[in-house]
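Enquirer: Below: one structure in structure tokens.
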Amino acid sequence: MLDKLEAIQRRFDEVSQLILDPSVMADMKKYSKLSKEFKDLEKVTAQYKAYKNLLGNIENAREILETEKDPEFRELAKAELDELNPQQEEMEEAIKNMLIPKDPNDSKNAILEIRAGTGGDEAGIFAGDLFRMYQRFAEKQGWRMELLDYMEGTSGGYKEITAMLSGEDVYGQMKYESGVHRVQRVPATETQGRVHTSAATVAVLPEMEEVDVEINMNDIRKDIFCASGPGGQSVNTTKSAIRLTHIPSGTVVQCQDEKSQIKNFEKALKVLRSRIYEIELEKHNEQVGAQRKSMIGSGDRSEKIRTYNYPQSRVTDHRIGLTVYNLPAVMDGDISQFISDLRMADNAEKMKEGVM
Numbered sequence: 010m011l012d013k014l015e016a017i018q019r020r021f022d023e024v025s026q027l028i029l030d031p032s033v034m035a036d037m038k039k040y041s042k043l044s045k046e047f048k049d050l051e052k053v054t055a056q057y058k059a060y061k062n063l064l065g066n067i068e069n070a071r072e073i074l075e076t077e078k079d080p081e082f083r084e085l086a087k088a089e090l091d092e093l094n095p096q097q098e099e100m101e102e103a104i105k106n107m108l109i110p111k112d113p114n115d116s117k118n119a120i121l122e123i124r125a126g127t128g129g130d131e132a133g134i135f136a137g138d139l140f141r142m143y144q145r146f147a148e149k150q151g152w153r154m155e156l157l158d159y160m161e162g163t164s165g166g167y168k169e170i171t172a173m174l175s176g177e178d179v180y181g182q183m184k185y186e187s188g189v190h191r192v193q194r195v196p197a198t199e200t201q202g203r204v205h206t207s208a209a210t211v212a213v214l215p216e217m218e219e220v221d222v223e224i225n226m227n228d229i230r231k232d233i234f235c236a237s238g239p240g241g242q243s244v245n246t247t248k249s250a251i252r253l254t255h256i257p258s259g260t261v262v263q264c265q266d267e268k269s270q271i272k273n274f275e276k277a278l279k280v281l282r283s284r285i286y287e288i289e290l291e292k293h294n295e296q297v298g299a300q301r302k303s304m305i306g307s308g309d310r311s312e313k314i315r316t317y318n319y320p321q322s323r324v325t326d327h328r329i330g331l332t333v334y335n336l337p338a339v340m341d342g343d344i345s346q347f348i349s350d351l352r353m354a355d356n357a358e359k360m361k362e363g364v365m
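Under my numbering, think of the first position of the sequence shown as 10, with each following residue one higher.
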């Protein structure tokens, strides 16, 4: 581990010099990449410095125990070791986790897409419940949420809804939410009190900038139309909503949240970049076989990942077998335990597979 930390320290020193180079600063793509690397390495090198300091204190205390004759000094050294040894174990565990290769997209903002699945009107209502759950979670994290596009359900909720989440470590946390979410409850329309099962699909994509994904604008068809609200009524009389079609892949995105056509175009383009990135990533994983078999963090949209059982006030995450009996709190955005445990399981799997 020390050899790895030394190598990281050397790379940090190297990057520290490179980002001050005028030729690097002139190349925005290269400068952006190095700046992010600098930020990531800075955290590890700071921990390494503290770890070396701790090892030095432990060595000094041991030396006193071996050479000092004064009982009082020896007792002080022994008490210090009793305090420092557990700290060493904790710090080494923290450093091991830091050394696990991170998804380079973890620090990015995220695009959240929720679509009603099986279950008719109840699925749309559940999609709306999930969206509000993520709204509350985003508020608790201090993130910003921007609505991009939506299609309301016939009895409430949404047939589909797309939003942008901005803040610190957004994709790194939200990526574990991708998959099929299932709800078991008595719908408001059910007259005989029977429990129905419905589902909604959640997809979380990292926000991709122009430096991450290059798109030939000649490959995009842009359609402009009037944004519409409930019942198909026109929200504004000017054509501001944007629909973009990436002709080579057939990918279609649209944005109608802003009154400005330019702002809607910019937002739609960000979503399009993220969708194209996801398509290319899936192709790459299939070719090299790099995707792990575990569903933890893989973001597979077809996998049933969580069940929300209203009669029992139970929420179960099927990937890690975690069940909690506080459904109202979960639907109010209290999903931190699921995300934390999923991240731990993901890291443990990487360590087990020898990624380190």
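Even glycine gets a Cβ: it sits at the ideal position worked out from N, Cα and C.
Tell me the DSSP bridge mates of E155?
Expert: Within the sequence shown, residue 155 is the residue found at index 146, counting from 1. E155 pairs with M173.
Enquirer: Run the CB neighbour count on F82, radius 10 Å, all protein chains shown included, and call it buried at 16 or more, exposed below.
Expert: Here residue 82 refers to the residue found at position 73 when the sequence shown is read from its first residue. When all chains shown are included, F82 counts as exposed.
Enquirer: Would S345 and Y334 qualify as a contact pair, given that the criterion is a beta-carbon distance under 8 Å?
Expert: Position 336 of the sequence shown, counting from 1, holds the residue named residue 345. Position 325 of the sequence shown, counting from 1, holds the residue named residue 334. Not closer than 8 Å, so no.
Enquirer: Please report how far the alpha carbon of G342 lies from the alpha carbon of A208, in whole angstroms.
Expert: Your numbering for residue 342 matches position 333 in the sequence shown. Your numbering for residue 208 matches position 199 in the sequence shown. Note on geometry: alpha-carbon atoms of G342 and A208 lie some 18 Å from one another.
Enquirer: What three-state label does DSSP hand Y317 in the structure shown?
Expert: Locating residue 317 in the sequence shown gives position 308, counting from the first residue. Here Y317 sits in strand by DSSP.
Enquirer: What span of residues does the alpha helix (DSSP H) with G188 cover, start to end?
Expert: Along the sequence shown, read from residue 1 onward, the residue named residue 188 stands at position 179. Premise fails: G188 lies in the beta strand (DSSP E), G188 to R194, not in any alpha helix (DSSP H).
Enquirer: To the nearest angstrom, how far is the alpha carbon of C235 from that of I229?
Expert: Here the question's residue 235 lines up with position 226 in the sequence shown. Here the question's residue 229 lines up with position 220 in the sequence shown. Answer to the nearest angstrom: the Cα atoms are 20 Å apart.
Enquirer: In whole angstroms, give me the CA-to-CA distance for D232 and L351.
Expert: Within the sequence shown, residue 232 is the residue found at index 223, counting from 1. Within the sequence shown, residue 351 is the residue found at index 342, counting from 1. Roughly 40 Å between the two C-alpha positions.
Enquirer: Using only the alpha-carbon positions, how far apart do S249 and A354 sit?
Expert: Along the sequence shown, one-based indexing puts residue 249 at 240. Along the sequence shown, one-based indexing puts residue 354 at 345. If you take the alpha carbons of S249 and A354, they lie about 45 Å apart.
Enquirer: Could you give the first and the last residue of the continuous beta strand (DSSP E) run that contains S44?
Expert: The count along the sequence shown starts at 1 and reaches residue 44 at position 35. From DSSP, S44 is part of no beta strand (DSSP E) but of the alpha helix (DSSP H) over M37 to T76.
Enquirer: Going by C-alpha distance, which of F135, A119 and R145 is nearest E218?
Expert: By one-based count along the sequence shown, residue 218 stands at place 209. If we check each option's Cα against that of E218, A119 comes out closest.
Enquirer: Would you grab the beta carbon distance between R191 and T316 for me? Rounded to a whole angstrom, and I think it's under 8 Å.
Expert: As a first step, residue 191 must be located in the sequence shown, where it is residue number 182. As a first step, residue 316 must be located in the sequence shown, where it is residue number 307. The pair is a contact, with the Cβ atoms about 5 Å apart (cut-off 8 Å).
Enquirer: Under the three-state reduction of DSSP, which class applies to Q96: helix, strand or coil?
Expert: As a first step, residue 96 must be located in the sequence shown, where it is residue number 87. In the structure shown, Q96 sits in a helix (DSSP, three-state: H, G or I).
Enquirer: For K276, which residues in the same chain have their Cβ closer than 6 Å to its Cβ, ignoring the five residues on either side in sequence?
Expert: One-based indexing of the sequence shown puts residue 276 at position 267. For K276, where only same-chain residues beyond five positions count, the Cβ hits under 6 Å are L157 and C264.
Enquirer: Looking at C-alpha atoms only, which residue of Q18, F140 and L139 is the closest neighbour of E46?
Expert: The count along the sequence shown starts at 1 and reaches residue 46 at position 37. Of Q18, F140 and L139, the smallest CA-CA separation from E46 is found for Q18.
Enquirer: Starting from the C-beta of D130, find all residues in its chain whose C-beta is less than 7 Å away, skip the five residues before and the five after it, and write them out in chain order.
Expert: What you label residue 130 is simply residue 121 of the sequence shown in a count that begins at 1. Taken in chain order, the residues that qualify are G162, T163, S164 and T198.
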